[in-house]
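For the sequence shown, our numbering assigns the number -8 to the initial residue and increments by one for each residue that follows. Working notes for the structure below.
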Amino acid sequence: MLAGPTDLIVHQYSREPAFSVKTRLMLGFKSAEWFACDHSTILPKPELAALTGGYRQIPVLQVGADIYCGSELVLDQLEARVPQPSLTRASGPGIGRGLAYWAEDNLFWLIVQIVCGSGFESTTRPDFDADRKQMLPGIYDVEQMRAALSVNVPLLRAQLDLLERQLADGRSFLFGDAPDLADISFYFPLDFLRHCRNGNERIPDDYPAIAAWMIRVAAIGHGRRHPIDRAGALAVARAATPTIAPVSTIAEGPQPGDRVRVKWAAYSPIELAGELIEAHPRRIAVLWSAPEVGDVVVHLPRSAGELT
Ligand SMILES: N[C@@H](CCC(=O)N[C@@H](CS)C(=O)NCC(=O)O)C(=O)O
-8 MLAGPTDLIV HQYSREPAFS VKTRLMLGFK SAEWFACDHS TILPKPELAA LTGGYRQIPV
52 LQVGADIYCG SELVLDQLEA RVPQPSLTRA SGPGIGRGLA YWAEDNLFWL IVQIVCGSGF
112 ESTTRPDFDA DRKQMLPGIY DVEQMRAALS VNVPLLRAQL DLLERQLADG RSFLFGDAPD
172 LADISFYFPL DFLRHCRNGN ERIPDDYPAI AAWMIRVAAI GHGRRHPIDR AGALAVARAA
232 TPTIAPVSTI AEGPQPGDRV RVKWAAYSPI ELAGELIEAH PRRIAVLWSA PEVGDVVVHL
292 PRSAGELT
């Protein structure tokens, strides 16, 4: 099956877990049909850089020549395409997304440190080590993360205690009987924890309600997935035209028509530079051109980079 200009192409990792798992479950929640395009977990990622102007993180959603960086913007697109049932039907569109920030910024980062300090297979690769040291200078240090396990595992257990309490009345999901974005947001860090290789992968099993809930969340599934290679995804972008018209819903900062630059928060050798198309309180969109893709519009959350 070939991807067309309105199909969902998800740039992701098939074998590395974490945010790709979150994205696949959101697609599964919406019973979406989508194309999976796999990338390297370390730089260089030339095709992804051509599409995004240098954003290196995963996931990235492509719909024709519109490129959406990060899982929050994937959520926006899925909600717009298939509004019902909403992914935040129980947690609400404000608090539901706020809980996703907790899961991503606090719980996931804590678990990353535990997994990397607990024998995660990727950390044994010198190229992965060098890449992550460049991306997280002074922060990514496997030895330090190993030494910090005695502090970080109790901090994790403090958070698991909260989740176990939330599920203690026998409910199937965090907000009741139906799954919600909140379940997916908290599931994917705990799924990532399974990549420890020193026994810490079994921590969730100490919490009966969490262990049973994880099986239910995994059963949401991944929707209907087709493969697409990187050259195929670039060809879809080249053949398509961006859909968004210039729009602003915020008075502060650069406005549509202004030339802008974005220095990415996660290290990239390339900066995104082009005309601002959308100024929104949570996100921006920038017109970007590269020979491999032609004109595309790169949509990104404001937290993804520094805008000047
Ligand atoms: N805020 C981003 C975070 C995404 C993220 O941290 N993704 C990881 C992979 S799971 C990543 O891209 N790490 C750097 C890399 O793989 O190059 C989102 O919600 O999508």
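Glycine is no exception: its CB is placed at the ideal position from the N, C-alpha and C atoms. These figures come from a predicted structure and were not determined experimentally.
A straight-line Cα-Cα distance of about 15 Å links T114 and L34.
In this structure, A94 has its beta carbon at no less than 7 Å from each heavy atom of ligand 1. In the three-state reduction of the DSSP assignment, S77 falls in the coil class.
In this structure, DSSP gives Q135 a helical state, which the three-state scheme calls helix.
Closer than 7 Å to some heavy atom of ligand 1: that does not describe the Cβ of E38. Excluding residues up to 5 positions away in sequence, F177, I201 lie with their Cβ nearer than 7 Å to the Cβ of L154 in the same chain. Looking at A209, I194, P195, R15, the one whose alpha-carbon comes closest to that of V65 is R15. By the neighbour-count definition (other C-beta atoms within 10 Å, threshold 16), M17 is a buried residue. Three or more Cβ pairs closer than 8 Å define a contact, and the segment 212 to 230 meets that threshold against the segment 50 to 61. Looking at L147, T32, L267, the one whose alpha-carbon comes closest to that of L298 is L267. Under a 10 Å Cβ-count criterion, E134 is classified as exposed, with fewer than 16 other Cβ atoms of the shown protein chains found around its own Cβ. A residue is called buried once 16 or more other Cβ atoms fall within 10 Å of its Cβ, and V284 is buried on that count.
Excluding its 5 nearest sequence neighbours in each direction, I235 has C-beta neighbours in its own chain below 7 Å: D57, I268, E269, A276, V288, listed in chain order. Secondary structure of A276 (DSSP, three-state): strand. In chain order, L101 place their CB closer than 7 Å to the CB of L146, counting only its own chain and leaving out the 5 sequence neighbours on each side. As summarised for the segment 185 to 226, the continuous alpha helix (DSSP H) elements at least 4 residues long and confined to that stretch are 199 to 209, given in chain order. Beta-bridge partners assigned by DSSP to G285: A281.
In the three-state DSSP reduction, E266 falls in the strand class (E or B).
Within the model, the alpha-carbon separation for W279 versus E262 is close to 11 Å. A straight line joining the alpha-carbon of F10 with that of H2 spans about 11 Å. With respect to N189, V144 sits apart: the two C-beta atoms are not nearer than 8 Å.
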